[in-house]
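Here's the structure we're looking at; comments come further down.
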Amino acid sequence: MSLTTAEEEKVRAIITAFDNGKTIDQLPLADTNQPSKYLIEGVSKETGESVKIPFADAVSIVNKHVAIRRWKRGQGTPVGESYGNIDFLRDLPSVIGLGCYLVSVDRSRRKLDPTNHHRFADGSPAALDGTMGDYLWCWNAHYYSWWVDSTYYYEAVSPTPIEGHLNYYIPAGGTSALGAGVMDRTSGTLVSVVSDDPRYRGGNNDATRDGKHNTQLGMVATNMNAAAFGTAARKKGEGWESGWFVANSVVGYLYRLIMGTRDCQSALNPVKDSNGLYQGGTGKGVTEWSWDPWSSHNGGYPIIPTSVGIELGDSVGVSDYAVKGSDGGTVHQAHVPCFLGLKNFYGHIGLIERGSLINKLSDGSGDYYVAPSLYSAFNINSIEGLIKAAKVPKNDPSGWKYITELSMQNLCSAPTVASGSSSTYYCDGWYNDNAISGLRCPFRRGPAYSGAAAGLAYLYGSNAVSSASVYWSSPLCYFTEDVSPVPVQY
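Counted the way my numbering counts, the sequence shown spans residues 1047 to 1536.
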């Protein structure tokens, strides 16, 4: 078949272009003082399509000290992809000082050995029984941002402001390494210690259980309402609280960034990916003991001693624990999750959040409010002076739904769309009884009977502000500066 004149011209043009082509070492040098003058070619991993990228932008993204993960909008996978400076993302835990410390009442802290929490990083002995401070999981000061574009949802952390986005400044701080609160029964102060001393008896402080299979010695404290936990924490002084909403959000976004998934219950994978990044979750956690056997065992009180998981140090892993019955036999095999030293951060005993309230609306939905300051008093009976951050949805029908979209506006970590499943999007549950009025206290993360609904985004939104239960607690937390949920543009 002969070529047309037009086709012959195209072939000649192709040959000419080929003959005039140059290898890379024959090209002129670029003006490195003006990188914005140049474009580079990129290829989409998904479609194979060639695209152009401003050279200066590409260099900036990969060199900035910003840890970024992103999730494609409208796709249900809970697994995010790394974006930008992968080296910095890999190093994020050490950059912001994640791990366990002993923290004094003046909020000064001392790092524990990352492989052995019974000694300090300098090798000297450390005691977790309260004589040397509170046993907390801590972070350094940093900036957090989230944003969306037409394709992706992004979350990012950096030690310096993240340019071009709204930033939340997070002061250095920490939360109980145990995932729940411990009460000093002598002083009435909330603490975070590992001790079998009756002074720190857990549950509802029932001494009649001492020495029995259902003992609460060495357990976390429960059966107190949000106000009582907050009062006990603030006895330590300025900067101390219990279950403060910002601390809850910090744990959530750091987990998503570092582990690369919104599904904390996905299986533990001890092998990192080709970039040295974590992949997978931390397993089911203590979420699989249904209510009837738990209630029969000890009435739904704590079942995991505070000492479990310490052997993992600052690692990512799971600590197995056999719950024993009255005859000494195993009645439940528990699997305690550990995220760089933070233990039982979902499952076992749920978390009562402070500094936030849900105001129920006439259609069954609710407005989610947060406190503007940690240092000011928090009135759990009023939304006056609080910031309206998001709107949580009505569930149709009422009951449990799975979270599809989570707002991080004002660091609220509130579900705004709930149409997912236990294996898609955030994989965690949102409970709404669709009440049409009243204030509700956010109950988070889920107790041992929660099953697949438990997780870092879990929210039970139907408990009154005065609610207390034997399977809910609130962990001690602190910040070195006042913490504001109001973002600043950089």
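By construction, the Cβ of each residue, glycine as well, lies at the ideal position given by its N, Cα and C atoms.
Close Cβ partners of residue i (< 6 Å) along its chain, the five nearest in sequence each way excluded
i     : result
G1355 : S1365, V1382, C1384 and K1389
G1276 : S1288 and R1400
A1500 : T1333, Y1392, G1393 and G1492
D1159 : R1165 and A1167
D1309 : P1124, G1327 and C1473
N1456 : V1416, I1433, A1435 and P1531
T1307 : P1124, V1125 and G1327
S1336 : Y1495
Short Cβ contact (8 Å threshold) for residue i with residue j
i     : j     : result
I1398 : A1272 : yes
L1182 : V1149 : yes
Y1414 : C1458 : yes
E1287 : R1155 : no
V1416 : A1435 : yes
G1264 : S1372 : no
S1547 : P1521 : Because the chain is modelled from 1047 through 1536, residue 1547 falls outside the range shown and cannot be assessed.
L1432 : C1487 : no
V1203 : Y1189 : yes
D1479 : S1513 : no
Y1448 : G1484 : no
S1233 : L1224 : no
G1544 : C1523 : With the chain covering 1047 to 1536 only, the question about residue 1544 has no answer from this structure.
H1211 : S1196 : no
R1116 : Y1200 : yes
Y1471 : T1450 : yes
L1323 : R1136 : yes
D1528 : Y1421 : yes
Y1347 : L1502 : no
E1209 : Y1506 : no
Counterpart residues of residue i in DSSP-defined beta bridges
i     : result
S1222 : L1182
W1286 : Y1524
T1235 : D1230
H1188 : I1216
V1364 : P1383
Q1455 : Partner(s): none; Q1455 has no beta bridge.
V1317 : None; V1317 has no bridge partner.
A1272 : Answer by DSSP bridge pairing: none, since A1272 is not bridged.
Q1535 : L1212
F1391 : None, per the DSSP bridge assignment.
R1490 : L1397 and L1505
A1113 : G1130 and V1203
P1461 : L1452
W1476 : K1447 and L1505
H1378 : V1369
G1249 : A1267
L1485 : N1405
K1281 : Note: K1281 sits in no beta bridge, so no partner.
K1118 : Y1198
Assigned secondary structure, residue i (DSSP; H/G/I helix, E/B strand, else coil)
i     : result
K1437 : strand
Y1347 : coil
Q1072 : helix
R1087 : Correcting the residue identity first, residue 1087 is Glu in this sequence and not Arg. Of the three classes helix, strand and coil, the one that applies to E1087 here is strand, per DSSP.
P1244 : helix
K1370 : strand
T1328 : coil
V1097 : strand
K1056 : helix
T1051 : helix
L1323 : coil
Residues of its chain near residue i, where Cβ-Cβ distance is below 7 Å and the 5 sequence neighbours each way are ignored
i     : result
T1235 : A1278, K1281 and K1282
L1138 : A1113, V1203, L1303 and I1304
D1242 : L1263 and G1264
D1360 : G1145, C1146, P1160, L1386 and G1387
S1411 : K1437, V1438, P1439 and K1440
G1345 : V1516
Contacts around residue i, its chain only, beta-carbon distance under 8 Å, and the 5 residues preceding and following it disregarded
i     : result
N1251 : M1229, R1231, Q1262 and A1267
P1205 : H1111, V1141, I1142, N1186, A1187, H1188 and Y1189
I1482 : K1406, L1407, S1408, D1409 and G1410
Cβ-heavy atom distance, residue i to the ligand ATP, below 7 Å
i     : result
G1410 : Ligands displayed in this structure: none; no statement on the ligand ATP is therefore possible.
Open item on the list: I'd like the ranges of any alpha helix (DSSP H) spanning at least 4 consecutive residues and lying wholly in the stretch 1289-1315.
Closed with: 1291-1305
- [ ] Can you check the stretch 1500-1532 for any beta strand (DSSP E) of at least 3 residues that lies completely inside it and give the ranges in chain order?
- [x] 1522-1525
TODO: Could you tell me which uninterrupted beta strand (DSSP E) segments, each at least 3 residues in length, are contained entirely in the stretch 1403-1431, listed from first to last along the chain?
DONE: If we require 3 residues or more, the beta strand (DSSP E) runs fully inside the stretch 1403-1431 come out as 1412-1416.
Open item on the list: Quick check on the DSSP output: what are the complete beta strand (DSSP E) runs of length 3 or more inside the stretch 1122-1204, in order along the chain?
Closed with: List check, beta strand (DSSP E) in window: 1127-1130, 1145-1149, 1155-1159, 1162-1166, 1180-1185, 1188-1194 and 1198-1204.
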